[in-house]
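Below is one structure, written out as structure tokens; comments come after it.
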Amino acid sequence: MLSRTASDLYWMSRYLERAENLARMLDVSYSLSLMPQDGRGDGLHELAMPLLITGTLEDYHARHGELHAERLLHFFALDAANPASIYSCLGAARSSAHAVRGRITADMWENINATWLDIRDIAQQGLSRYGMSRFCEWVKERSHLFRGATYGTIMRNDAFRFIRLGTFIERADNTLRLLDARYEMAGDRADAVTDGTAHAYYQWSALLRALSSFEAYTEIYRDAPGARQVAQLLLLRADVPRSLRACSEEIDQILASLPGLNGRPAQRLAAEMDARLRFTAIDEILEEGLHAWLTDFIPLVRQLGDAIYASYLEAA
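When you line the sequence shown up against numbering that gives the first Met the number 0, it's residues 0 to 315, in that order.
Encoded structure:
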């Protein structure tokens, strides 16, 4: 497969996954911002969380000045001038899909093209008329439909592998960043790991719901969500679809199945990352410090993404 084709397939799926992750992040931040803040401000700190996670705080301030709820939501949802917005991500995904129209199925193309046309209509209506929660659910639904069309219609060839690879790289990065951000929000006291306050409960529950893992948590644990259990679930449980371990296993298997020798640096990094997670216990992570462990692991995922680009996606 040509590196340009592989790159378009890879980034198509990354942008779609990113749009879904942004919708999950916004939905949770918006919901928490509407709750009583217990002396923690007026809810804007919750809405500002996506700015901190995506590194767009300075860009927002340069364009809009002070934090404002309506402007914040528009900035991340429908702002065409913001490359990190859901609108921009879906537009980039559609452009990549158009470039590889002959390598994806009609069902996949029709889904992603219809999604782009729909979000343009939503942008004309505005979030105030469409509704924030309804918009976030729509984004997640369109992402699920595309993933279902992909699973149900495309051949299990290299095109399928690069689409899946993009999904899991993006998902792994998002899980790490969301967990780190929520730990910082819930862990503003020294006893954060065992904090049983209502504030911590809602922070951890919101994170689990954002990653579609709340039901998995209630099935595995009896206690109220806390840093230890949530971190173990989202980092080390291979049976939780959005966990770091699940993403790592998928990435390792996909890279190992790609032909050729030029991918060995990326394959080695993926195998090392998977082995590290496979043989790490939650006590080791907490002993090091959850924030320190996460900030150490986030660059590893970025390094793996760079290795994938150099091995497969960079034009010779």
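Glycine included, every Cβ here is placed at the ideal spot set by N, Cα and C.
Secondary structure, alpha helix (DSSP H): runs of 4+ residues fully inside the segment 80-132 | Complete alpha helix (DSSP H) runs here, min 4: 85-98, 105-124, 126-129.
Let me know the secondary structure DSSP gives residue 279 once reduced to three states.
-> Numbered from its first residue, the sequence shown carries residue 279 at position 280. If DSSP states are grouped into helix, strand and coil, residue 279 belongs with coil.
Completely contained alpha helix (DSSP H) runs for the segment 130-177, where each covers 4 or more residues = Runs of the alpha helix (DSSP H) inside the segment 130-177: 131-152.
Excluding five sequence neighbours on each side, which residues of the same chain lie with their C-beta closer than 7 angstroms to the C-beta of residue 111?
-> On the sequence shown, residue 111 is found 112 positions in, with the first residue counted as 1. Only 92, 93, 96, 145 meet the Cβ criterion.
Short Cβ contact (8 angstroms threshold) for residue 115 with residue 90 = Position 116 of the sequence shown holds residue 115. Position 91 of the sequence shown holds residue 90. Inclusion of residue 115 and residue 90 in the CB contact set at 8 angstroms is warranted, their separation being smaller than that value.
Would you kindly report the start and end of the unbroken alpha helix (DSSP H) that includes residue 73?
-> Counted from its first residue, the sequence shown places residue 73 at position 74. Note, residue 73: alpha helix (DSSP H), 68-76.
Mind listing, in chain order, the continuous beta strand (DSSP E) runs of no fewer than 3 residues lying wholly within the segment 246-302?
-> As far as the segment 246-302 is concerned, it has no whole beta strand (DSSP E) run of at least 3 residues.
Between which two residues does the alpha helix (DSSP H) harbouring residue 47 extend?
-> Numbered from 1 along the sequence shown, position 48 holds the residue referred to as residue 47. First-last for residue 47: undefined, no H or E at that position.
Backbone CA spacing between residue 315 and residue 7 [nearest angstrom] = Residue 315 sits at position 316 when you count from the first residue of the sequence shown. Residue 7 sits at position 8 when you count from the first residue of the sequence shown. Interpretation of residue 315 is limited by its pLDDT of 47, a score under 50 that renders its predicted location unreliable; the figure taken from the coordinates is listed afterwards. Residue 315 and residue 7 have their alpha carbons spaced roughly 16 angstroms apart.
Under 7 angstroms Cβ to Cβ from residue 180, same chain only, skipping five residues before and after it: list those, please.
-> On the sequence shown, position 181 is the one that residue 180 refers to. Leaving aside the five residues that flank residue 180 on each side, the residues in its chain whose CB is nearer than 7 angstroms to its CB run, in chain order, 48, 51, 52.
Which two residues bound the contiguous alpha helix (DSSP H) that contains residue 23?
-> As a first step, residue 23 is located in the sequence shown; it is residue number 24 there, counting from the start. Note, residue 23: alpha helix (DSSP H), 2-32.
Supposed close pair residue 26, residue 132 - CB separation, criterion 8 angstroms | Residue numbering aside, residue 26 sits at position 27 when the sequence shown is read from its first letter. Residue numbering aside, residue 132 sits at position 133 when the sequence shown is read from its first letter. Going by Cβ atoms, the distance from residue 26 to residue 132 rounds to 6 angstroms, so yes, they are a contact pair.
Whether residue 197 touches residue 30 by CB criterion (8 angstroms) | Here residue 197 corresponds to residue number 198 of the sequence shown, with the count starting at 1. Here residue 30 corresponds to residue number 31 of the sequence shown, with the count starting at 1. Taking 8 angstroms as the Cβ cut-off, residue 197 and residue 30 do not qualify as a contacting pair.
Apply the 10 Å Cβ neighbour rule to residue 282 and answer buried if 16 or more other Cβ atoms are within range, or exposed otherwise.
-> Looking up residue 282 in the sequence shown gives position 283. Under this definition residue 282 is an exposed residue.
On the three-state DSSP scale, how would you describe residue 210?
-> Mapped onto the sequence shown, residue 210 falls at position 211. Looking at residue 210 - three-state DSSP - the assignment turns out to be coil, as it is neither helix nor strand.
Tell me which same chain residues have a C-beta within less than 8 angstroms of the C-beta of residue 107, skipping the five on either side of it?
-> Position 108 of the sequence shown, counted from the first residue, corresponds to residue 107. Excluding residues within five positions, the ones whose Cβ falls inside 8 angstroms are 96, 145, 148, 149, 152, 153.
Looking only at its own chain, which residues have a Cβ that is under 6 angstroms from the Cβ of residue 139, when we skip the five neighbours before and after it?
-> Here residue 139 refers to the residue found at position 140 of the sequence shown. Non-local beta-carbon contacts of residue 139 in its own chain, meaning distances under 6 angstroms to residues more than five positions away in sequence, involve 19, 22 in chain order.
Put residue 181 into one of helix, strand or coil per three-state DSSP.
-> One-based indexing of the sequence shown puts residue 181 at position 182. Three-state result, residue 181: helix.
Buried or exposed by the 16-neighbour rule on C-beta atoms within 10 Å, applied to residue 165 = Translated into positions along the sequence shown, residue 165 becomes position 166. Around the C-beta of residue 165, 16 or more other C-beta atoms lie within 10 Å, and the residue is accordingly described as buried.
Helix, strand or coil: how does DSSP classify residue 242 here?
-> Reading the sequence shown from its first residue, position 243 is the one you call residue 242. Residue state, collapsed to three classes: coil.
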